[in-house]
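Enquirer: Sending over a structure as C-alpha cells; questions will come in a sec.
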Amino acid sequence: MMFNGALFALGATRVLVVVVRPWVLEDPYETELLQLGFRMRCRRSVVLMAQDARGRPSFRGPREVTRLLRRVALGDIAWRRFSLP
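Everything in the sequence shown is counted per the working numbering, starting at 1 for the first residue and increasing by one.
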C-alpha cells in the first residue's frame, strides 16, 4: 500500500499525517476506519488531511494535533511517499 503523508513529533507524541481524498473526511465511518487501521499498523497518532478544490486543508484527528497543524503552512511540512507492506 502506498500513500502520501508526513511523520513528525509534537513533544512526546509521534504523529502520522495521511493525505486522503476529500470524500473520506465527509464519511465519519470511513474516517474512523482509516485512522484505526493506520494507528494499529504504525503505532502513532494519526491525522487524516484532505484539500478542497482551492487547496485549503481539512484535518481529522486528535484535537490538539489538528489545532497545531492548522497553524502550519502545508509547504513547511516534509511530505513524502510511504509504502506499507
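By construction, the Cβ of each residue, glycine as well, lies at the ideal position given by its N, Cα and C atoms. This one's a predicted model, so the numbers in the text were calculated from it and none came from an experiment.
1) Output the distance between the C-alpha atoms of GLU26 and SER58, rounded to the nearest integer angstrom.
2) Please report the distance separating the alpha-carbon of VAL72 from that of ARG81.
3) Can you grab the Cα-Cα spacing for the pair ARG70 / GLU64, in whole Å?
4) Is ALA78 buried or exposed, if buried means 16 or more other CB atoms sit within 10 Å of its CB?
5) For the alpha helix (DSSP H) holding LEU25, just list the boundary residues, first then last.
6) Nearest by alpha-carbon distance to VAL19: which of GLY55, PRO85, ARG67, LEU68 is it?
7) Taking just the CA atoms, how far does TYR29 sit from ALA12?
8) Since GLY5 contacts VAL17 with CB under 8 Å, what's their CB separation in whole angstroms?
9) Tell me which residues share the same chain as ARG8 and place their Cβ nearer than 7 Å to its Cβ, disregarding the 5 neighbours each side in the sequence.
Expert: Taking the definition as stated:
1) One C-alpha to the other measures close to 10 Å.
2) 20 Å
3) 10 Å
4) exposed
5) 22-26
6) GLY55
7) 28 Å
8) 5 Å
9) First, the residue type needs correcting, since residue 8 is Phe and not Arg in the sequence shown. Correct list, in chain order: VAL15.
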